[in-house]
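Participant:
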Amino acid sequence: MATEKKVTAIKNTPKHLLGIQNLSVLEAKEILTEAKFFIKLNRGSSKKLDVLRGKTQINLFFEPSTRTQSSFDLAGKRLGADVMTMNMSNSALKKGETLIDTAMTLNAMHPDIIVIRHQDSGAPNLLSQKVNCTVINAGDGRREHPTQALLDALTIINRKGNIEGLKIAICGDILHSRVARSNIYLMNMLGAEVNVIAPKTLMPRGIDNLGVKSFTDMKKGLDGCDIVMMLRLQNERMQGSFLPSKREYYEFFGLTPEKLKFAKKDALLMHPGPMNRGVEIDTKLADDINVSLVKEQVELGVAVRMACLKLYCK
Amino acid sequence: MKEKILTNVRIIDPSQKMDEIGNIVIDEKGKIKSIGKKSGTSKSAEKIDLKGLVAIPGLVDMKAFVGEPGFEYKENFRTLSQAALAGGVTSIVTMPNTKPVIDNVSMVDFIIRRGRDKAKVNLFPCASITRQMEGNQMTEFGLLKARGIIGFSDVNKTIQNSELMSRIMNYASDIDVLIMQHAEDYELAKNSCINQGEVATRLGLQGVSDIAEKIIIERDLSLLSEFPCRYHINQISSKNSLNVIKKNKSNGIKFSTGVSINNLSLNQNDIGEFRTFLKLSPPLRSEEDRLSLIEGIKNDLIDVIVSDHIPEDEESKRLPFAQAATGSISIETLLSLSLELYHNESLPLEKIIKCLTINPAKILKIDKGSLKEGSVADICVFDLEKPWVVKAEELKSKSKNTAIENRKLQGKVKMTLLQGEVVYSN
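Those protein sequences? They're chains A and B, same order as listed. Our numbering applies: residue 3 is where the first sequence begins, and numbers increase by one. Our numbering applies: residue 3 is where the second sequence begins, and numbers increase by one.
#1: Closer than 6 Å by C-beta to Ser-427 (chain B): which residues in its own chain qualify, once you throw out the five before and the five after it? Chain order, please.
#2: Using CA atoms only, rank isn't needed, just tell me which of B:Glu-165, B:Val-425, B:Ile-28 is closest to Asn-138 (chain B).
#3: Going by other Cβ atoms of all chains shown within 10 Å of its Cβ, with 16 needed for buried, is Leu-87 (chain B) buried or exposed?
#4: Measure how close the beta-carbons of Lys-249 (chain B) and Glu-290 (chain B) come, nearest whole angstrom, since I'm counting them as under 8 Å.
#5: Tell me which residues of the segment 106-139 of chain A have at least one Cβ-Cβ distance to chain B shorter than 8 Å, keeping chain order.
#6: Tell me, please, whether the segment 292-312 of chain B touches the segment 379-387 of chain B by the rule of three or more beta-carbon pairs shorter than 8 Å.
#7: Using only alpha-carbon positions, find the residue among A:Arg-279, A:Asp-228, A:Leu-302, A:Lys-261 that is nearest to Lys-162 (chain A).
#8: Who are the near neighbours of Arg-12 (chain B) in its chain, counting only those whose CB is closer than 6 Å to its CB and skipping five residues on each side?
#9: For Glu-99 (chain A), which residues in chain B fall below 7 Å Cβ to Cβ?
#10: Tell me, please, whether the CB atom of Gly-206 (chain B) is closer than 8 Å to any CB atom in chain A?
#11: Taking Cβ positions only, does Ala-324 (chain B) come closer than 8 Å to chain A?
#12: Exposed or buried, what is Met-231 (chain A) when buried is set at 16 or more other beta-carbons lying within 10 Å of its beta-carbon?
#13: Quick one: is Leu-287 (chain A) buried, meaning 16 or more other Cβ sit within 10 Å of its Cβ, or exposed?
#14: Does the segment 197-216 of chain A come into contact with the segment 196-205 of chain B, if we say contact requires no fewer than three beta-carbon pairs (one atom in each stretch) closer than 8 Å?
#15: Check the DSSP bridge columns for Phe-217 (chain A) and list the partner residues they point to.
#16: Name, in chain order, the residues that DSSP records as bridge partners for Glu-186 (chain B).
#17: Which class does Met-3 (chain A) belong to by DSSP, given the choice of helix, strand or coil?
#18: For Asn-139 (chain A), count the other beta carbons within 10 Å of its own beta carbon; 16 or more makes it buried, fewer makes it exposed. Which is it?
#19: Note down the Cα distance separating Ile-238 (chain B) from Ile-247 (chain B), rounded to an integer number of angstroms.
#20: Give a yes or no on whether the minimum CB-CB distance between Glu-275 (chain B) and chain A is below 8 Å.
#21: With DSSP as the reference, please indicate the residues paired to Tyr-426 (chain B) in a beta bridge.
#22: Reducing DSSP to helix, strand and coil, say where Ile-312 (chain B) ends up.
#23: Confirm, please, whether the CB-CB distance from Leu-245 (chain A) to Leu-271 (chain A) is below 8 Å.
#24: Sort B:Thr-359, B:Leu-61, B:Pro-71 by Cα distance to Val-103 (chain B) and report the nearest one.
#25: Buried or exposed, going by whether 16 or more other CB atoms sit within 10 Å of the CB of His-184 (chain B)?
#26: Check whether chain A comes within 8 Å of Leu-282 (chain B), counting only Cβ atoms and requiring the distance to be less than that.
#27: If you check the beta carbons only, do Gly-82 (chain A) and Lys-50 (chain A) fall under 8 Å apart?
#28: Have a look at the DSSP bridge pairing and note the partners of Tyr-187 (chain A).
#29: Ends of the alpha helix (DSSP H) at Ser-164 (chain B)?
#30: Using the Cβ count rule (16 or more neighbours within 10 Å means buried), how would you classify Ser-224 (chain B)?
#31: Would you say Glu-200 (chain B) faces chain A, with C-beta separation under 8 Å as the test?
#32: Regarding Glu-352 (chain B) and the ligand PLP, is the C-beta to nearest heavy atom distance less than 7 Å?
#33: For chain A, find out if any of its Cβ atoms is closer than 8 Å to the Cβ of Thr-328 (chain B); answer yes or no.
#34: Chain B partners of Arg-183 (chain A), CB-CB under 9 Å?
#35: Taking Ser-91 (chain A) and Phe-64 (chain A) to be in contact with their CB atoms under 8 Å, please state how far apart those CB atoms are, rounded to whole angstroms.
#36: Please tell me whether Asn-141 (chain A) has its Cβ less than 8 Å away from any Cβ of chain B.
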């Protein structure tokens, strides 16, 4: 069993999971190995463990979220932690309390883990300097979403056996996407080749320095890819006009069965959700169980988060 | 006051192209009686031996924020002047973005009275270019100037309206007032907090391209060719802007340019993992930009080095980067950090001192920044070699948001004289 392995990588590192950028290859692999065990557990009939019994986990969500929030919620509970989820979009912060004040208040209640999602890049980093418990980043601004990248990696490994040597395309709103950034770091780290495809206005400057090839043409960008990750067009983050219309975007960057043919024959499709059907992805394709890994991503998300909670909460 | 003689001191005064070891004699009125190696002595005078030290004119800082009125918890006249004198700065141009904004005559009277009572340095207050710094209607340039306003600036805001800017220049040209522009196009800079590029992409922050700065400079210099007035670009930050300045200067357009010591000494990589004390405006840019700014000083395309001293309380900085306040305290470390550019052989000493003394004085048309015979003895004495480490808690500003905490510097102010009186020594 995976838990019997003497794992060491995470032991001596800081106890926060703030981003893939801060992880070593060993640490990433350790999380993935640990998560594999939880996949089996989650599929069984008795899902409850007592690894985190007596521990308190606070989910601090400053941005609305369904899948990440419920995934962390479930992960903590299945490990036996006491989980409290705080939806911060309508609370103290509106009364003028700062992130730090909120953090200090919660810190006084002695939590063991704080899972934070925040609209500002770097908010988890700031939080981690001020509290004395584990901080896990559940998405900050457009910077990182480490557990999403880890669950994506696990999903790929589950299907393809390995990530090394694969060619992965990430398409869509790269500029506003933390999922894209975390995936770029992680897939690179695990030995994949990464292409990013986006219209120029949604491609961040300096992206090539992150170790990817950038394309504005789906045909070229998808050529020879094993995995196609589609991103959501993040309308709520867009200030001003980035695109002429959704219709035009779909025409050139929406994934259709025809465009998917540019990739390898056995290419698989991923999407972090929630999907804008008919904007970035053809609705039938999204539901095609032969190519779409979307449901599996959600399933393995719980396993990955269990692994993170377990390994980081010591 | 008794006559004073500063002896055996290396005098560097770019205003009279002086770099020699000699004496400075200060008369009873606090003015320079004689200076240089041929300078005489007098038996009755009080002697101060400054062997091994350097004396330069007291620094003229063209951009600093004093919290009064409205932000006394960030800085006040007393703390600002203490910080300034500890940094060898004897003349400060203060910014009008106080609460209320200094945009009318009664505010000027208040600030001048208050400054005179509480501050021990020469203060030269700026008023805003537009009422409430809203960029809509120009302030009373003529009346304000008559009450003692040295120049006009909307500080960290830019006149976006080109028609208004042309009228400001046109009007200002007639009554000889100095217009100081912060160059940033609002639309291009919207929501940004850092330079655009790899660092912004990695940190997931909204970046701003240097084009936002360049585009305003290009516009203003075009207008300036039509309406020549005393025009100064507060701070530039990029190679691109410098190229525009070079082109226009060679076309004979007359204006002046400043740069913040931060942009000369730091780059975007220093921001590390969200160090909010390095959130500045204009933002820190690439190393290539930094090096080009140094070249700009070398080639006389940039005239002035400013501290861009912006005290901010901890609460305003202890926030996620995008929400945190902009600016750092830097008046006390202005000279020492500038000397780093001498020690690392980026710039000649004389050039650095010029940009901190006579150049700003000339732009402001004030009788400062020089140690010529007859001028007021505002003098900064420093040890060129002394190593020290910047510790925020030891700085005199009320706020402690220094961008160079723990930086090892070489060169430290030993003594500051104001009108011949020793007002600071360590």
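In this text, a Cβ means the ideal position worked out from N, Cα and C, and glycines have one as well. Remember, predicted model here, so these are calculated numbers, not experimental data.
Facilitator: The relevant details are as follows:
#1: The residues Met-417, in chain order, have a CB closer than 6 Å to that of Ser-427 (chain B) in the same chain once the five nearest residues on each side in sequence are set aside.
#2: For the residues B:Glu-165, B:Val-425, B:Ile-28, the minimum Cα distance to Asn-138 (chain B) belongs to B:Glu-165.
#3: Looking at its Cβ environment, which holds 16 or more other Cβ atoms inside 10 Å, Leu-87 (chain B) is buried.
#4: Not a contact, Cβ separation roughly 19 Å.
#5: Taking 8 Å as the Cβ-Cβ cut-off against chain B, the residues of the segment 106-139 of chain A that qualify are His-120, Asp-122, Ser-123, Gly-124, Ala-125, Asn-127, Leu-128.
#6: Touching, no.
#7: From the listed residues A:Arg-279, A:Asp-228, A:Leu-302, A:Lys-261, the smallest Cα separation to Lys-162 (chain A) is found for A:Asp-228.
#8: Shown here for Arg-12 (chain B): same chain residues with a beta carbon closer than 6 Å to its own, the five before and five after excluded, namely Ile-23, Val-56 in chain order.
#9: Taking a Cβ-Cβ cut-off of 7 Å, Glu-99 (chain A) has no neighbours in chain B, whose nearest Cβ is about 12 Å from it.
#10: Residue contact with chain A for Gly-206 (chain B): present (Cβ-Cβ distance below 8 Å to some residue of chain A).
#11: For Ala-324 (chain B), the answer is yes, since a Cβ of chain A falls inside 8 Å of its Cβ.
#12: By the C-beta density criterion, Met-231 (chain A) is buried, having at least 16 other C-beta atoms within 10 angstroms.
#13: Leu-287 (chain A) comes out buried.
#14: The segment 197-216 of chain A is in contact with the segment 196-205 of chain B.
#15: Per DSSP, A:Ile-199.
#16: BP columns for Glu-186 (chain B) are empty, so no partner.
#17: No answer about Met-3 (chain A) holds up, because its pLDDT of 42 lies below 50 and its placement is not dependable.
#18: With 16 or more Cβ atoms within 10 Å of its Cβ, Asn-139 (chain A) is classed as buried.
#19: Answer to the nearest angstrom: the Cα atoms are 10 Å apart.
#20: Cβ-Cβ to chain A under 8 Å: yes for Glu-275 (chain B).
#21: According to DSSP, residue pairing for Tyr-426 (chain B) in a beta bridge involves B:Thr-418.
#22: Of the three classes helix, strand and coil, the one that applies to Ile-312 (chain B) here is coil, per DSSP.
#23: No, Cβ-Cβ distance for Leu-271 (chain A) and Leu-245 (chain A) is not below 8 Å.
#24: When only C-alpha atoms are compared, the closest one is B:Pro-71.
#25: His-184 (chain B) should be labelled buried.
#26: Leu-282 (chain B) does not count as touching chain A.
#27: Taking 8 Å as the Cβ cut-off, Gly-82 (chain A) and Lys-50 (chain A) qualify as a contacting pair.
#28: In the DSSP assignment, Tyr-187 (chain A) forms no beta bridge with any residue.
#29: In the DSSP assignment, Ser-164 (chain B) falls within the alpha helix (DSSP H) that extends over 164-177.
#30: With fewer than 16 Cβ atoms within 10 Å of its Cβ, Ser-224 (chain B) is classed as exposed.
#31: So, interface residue.
#32: This structure simply doesn't include the ligand PLP, nor any ligand for that matter.
#33: So no, Thr-328 (chain B) is outside the interface.
#34: Those within 9 Å of Arg-183 (chain A) in chain B are Thr-203, Arg-204, Gly-206.
#35: Correct: roughly 6 Å between the Cβ atoms.
#36: Strictly speaking, residue 141 (chain A) in this sequence is Gly, with Asn absent from that position. Not one chain B Cβ lies under 8 Å of Gly-141 (chain A).
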